[in-house]
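Okay, structure first, notes after.
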Amino acid sequence: MSHVEDFVKEIDALKNAEQKILIVTGKPGSGKSEIFREAAAKKAWDYVDCRLFITEEFLELMPAARKDKAAEIFGEILAGYETEVVLLDRVQTLFVPVFQINVGDLLQKLGKRFTLVVAWPGYYEDGFLCYDKFDGTESIRINADGLKIWNVE
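Read in order, the letters of the sequence shown correspond to residues 1 to 153 in the UniProt record's numbering.
See the structure below:
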């Protein structure tokens, strides 16, 4: 069975879950984006770059209001896609401190409305999703309770 077939099975298993989120971890160059693109083509799912969420409407908000409004604004964008699954790439776009987004909370909220598959640019360790800065220091650490994790080797 191919990685894409395994990947599709993992996503199909989410249909009855309360949180419809699959986090795909793997080092840069591990093939996350390639698997996303192949699955999107095979299943007619939407492959979305998270940079599309940073709209003029979002940027016009005061920084403190962004964390409260992000789920609503991003949810409106996701609702525009007419597909059963949305594959999100470049989630690290949302880590920019000035956006003041709690990515863990955001995913939890969106995962109640949409089936999301998120390419995580870091790793899973001891119940947390981690993303490190280029200097090797940890910059993001999100509790992964309730999230399904699938690792690309």
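Positions of the beta carbon are idealized from the N, C-alpha and C atoms, including for glycine.
Tell me whether residue i is buried or exposed, calling it buried when 16 or more other Cβ atoms sit within 10 Å of its Cβ.
i    : result
A64  : exposed
G127 : exposed
S33  : buried
G122 : buried
D145 : exposed
L94  : buried
V98  : exposed
V117 : buried
A41  : exposed
V91  : buried
A79  : exposed
A119 : buried
L59  : exposed
V96  : exposed
What does the alpha-carbon distance come out to for the pair residue i and residue j?
i    : j    : result
R113 : E82  : 13 Å
F36  : L87  : 7 Å
F7   : T25  : 12 Å
E125 : G29  : 19 Å
R141 : R66  : 20 Å
M62  : A71  : 15 Å
H3   : G111 : 23 Å
D68  : V85  : 24 Å
Y131 : S139 : 6 Å
E38  : D89  : 13 Å
I101 : L129 : 16 Å
T115 : N143 : 19 Å
Could you please give the first and the last residue of the uninterrupted beta strand (DSSP E) stretch that includes residue i?
i    : result
K148 : 148 to 151
D132 : 128 to 132
E125 : 123 to 125
Where do the N-terminal and C-terminal ends of the alpha helix (DSSP H) with residue i fall, by residue?
i  : result
E5 : 3 to 12
Check your understanding: Taking only runs of the beta strand (DSSP E) that begin and end inside the segment 92 to 116, which ones reach a length of at least 3 residues, in chain order?
Key -> Taking 3 residues as the minimum length, the segment 92 to 116 contains no beta strand (DSSP E) run wholly inside it.
Point to revise | Length at least 4, wholly inside the segment 24 to 93: the alpha helix (DSSP H) runs in chain order | key: Look at the segment 24 to 93 and you find these whole runs of alpha helix (DSSP H), each 4 residues long or longer: 32 to 43, 56 to 60, 63 to 79.
Point to revise | the segment 48 to 63 touching the segment 16 to 27, judged by at least three CB pairs closer than 8 Å | key: Cβ pair count under 8 Å is below three, so no.
Check your understanding: Below 8 Å, can you find three or more Cβ-Cβ pairs linking the segment 146 to 153 to the segment 55 to 62?
Key -> The segment 146 to 153 vs the segment 55 to 62: no contact.
Check your understanding: Does the segment 3 to 11 come close enough to the segment 99 to 110 that 3 or more CB-CB pairs lie under 8 Å?
Key -> No, the segment 99 to 110 does not touch the segment 3 to 11.
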